[in-house]
Each structure stands twice: as C-alpha cells, then as structure tokens.
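Below: one structure, written as structure tokens.
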Amino acid sequence: MTLSIQASYLPADDLEASVSFYRDILGFEVRDEGPLHATVGPPGQPGTSLVLRPLAAEELTDEERATIAELMAKGVHGIIVLSTPDLIDTFDRIQATGADVVQEPVRQSYGAFDCSFRDPAGNLVRFEER
Numbered sequence: 011m012t013l014s015i016q017a018s019y020l021p022a023d024d025l026e027a028s029v030s031f032y033r034d035i036l037g038f039e040v041r042d043e044g045p046l047h048a049t050v051g052p053p054g055q056p057g058t059s060l061v062l063r064p065l066a067a068e069e070l071t072d073e074e075r076a077t078i079a080e081l082m083a084k085g086v087h088g089i090i091v092l093s094t095p096d097l098i099d100t101f102d103r104i105q106a107t108g109a110d111v112v113q114e115p116v117r118q119s120y121g122a123f124d125c126s127f128r129d130p131a132g133n134l135v136r137f138e139e140r
C-alpha cells in the first residue's frame with residue numbers, strides 16, 4: 011500500500027490574516043479560496059496542501075469563541091512541522107516580519123534543531139532543520 015498526505019486542515023478564525031501569513035511570510039502558493047476556506051501549499055509540491063478553515067460550520071457564541079481562542083493560545087489545537095535546510099535564515103526572515111515567536115532556534119536533547127512561531131489563528135508552526 012502506498013500512501014501520501016494530500017491535505018491537512020488547520021483552524022483559521024481570520025482567513026485573510028492566515029492566508030497572508032502562509033503566502034506572504036512562508037511563501038506558500040494560494041491554490042483555492044472560498045468564503046469559508048483557503049487552500050495553500052509549498053511551491054513545487056502540488057500534492058501537499060494545507061486547508062485553512064474555521065473551527066465550526068455554525069455560528070459560535072462569544073463564550074465558545076473565547077474558550078477556543080484560549081485553548082489555541084495554549085497550543086491545544088493545530089500544529090504543523092515544516093523542514094528547512096537553513097533554520098537560522100528561516101527564523102531570521104520570519105522573525106523580521108513580526109511573527110509571534112514561540113521558541114528561538116535550539117538544539118533539542120533528542121537531536122532536532124528547531125524553532126517555532128504561531129500563525130494568526132494560534133496554530134503552532136514548527137521549523138526543523140533537515
């Protein structure tokens with residue numbers, strides 16, 4: 011059996027801000043946009059996409075939105091790991107845009123050299139040097 015990841019979903023409470031982050035800061039292509047979703051992906055990798063969409067199909071109460079925002083701020087929901095050949099350069103370029111830094115580049119005890127940011131929706135975006 012041969013399998014590959016075609017798409018992963020990440021919550022996005024503000025599609026415009028999330029698309030801007032993935033397109034303008036990370037350099038992803040916008041492959042599809044609709045009123046309730048956007049699909050983005052790395053250039054040259056048409057078979058791999060991220061679908062950005064709201065958490066709920068129905069309207070949420072203010073209390074529900076606050077609960078979701080609080081959980082996302084703690085990193086409870088969406089996480090994506092991207093690889094880069096030059097972590098320091100990637101970190102410096104993303105940090106220069108004012109993106110929310112979660113972890114500066116560090117060598118982990120298990121050997122990974124990584125850093126992380128939050129996207130506008132609060133999803134954790136981790137970068138690992140490969």
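Numbering (my numbering), first residue to last: 11 to 140.
The beta-carbon is built from N, C-alpha and C at its ideal position, and this holds for glycine as well.
All values derive from a computational prediction rather than experimental measurement.
Where residue i falls, given that 16 or more other Cβ within 10 Å makes a residue buried
i: Gly88; result: buried
i: Pro130; result: buried
i: Ala27; result: exposed
i: Leu20; result: buried
i: Leu25; result: buried
i: Gly51; result: buried
Anticipated Cβ contact below 8 Å, residue i with residue j, distance rounded
i: Ile35; j: Ile98; result: At roughly 17 Å, the Cβ-Cβ gap does not stay under 8 Å, so Ile35 and Ile98 are not in contact.
i: Ser59; j: Thr49; result: 5 Å
i: Thr77; j: Glu139; result: The pair is not a contact, with the Cβ atoms about 35 Å apart (cut-off 8 Å).
Contact check, residue i vs residue j, beta carbons under 8 Å
i: Phe127; j: Val116; result: no
i: Gly132; j: Met82; result: yes
i: Leu62; j: Val29; result: yes
i: Asp124; j: Pro64; result: no
i: Gly54; j: Gln16; result: no
i: Phe164; j: Thr100; result: Outside the displayed span of the chain (11 to 140) sits residue 164, for which this structure offers no information.
Which runs of the beta strand (DSSP E) fall wholly inside the stretch 35 to 86 and span at least 3 residues, in chain order?
-> Scanning the stretch 35 to 86 from its first residue to its last, the whole beta strand (DSSP E) runs of 3-plus residues come out as 39 to 43, 48 to 51 and 59 to 63.
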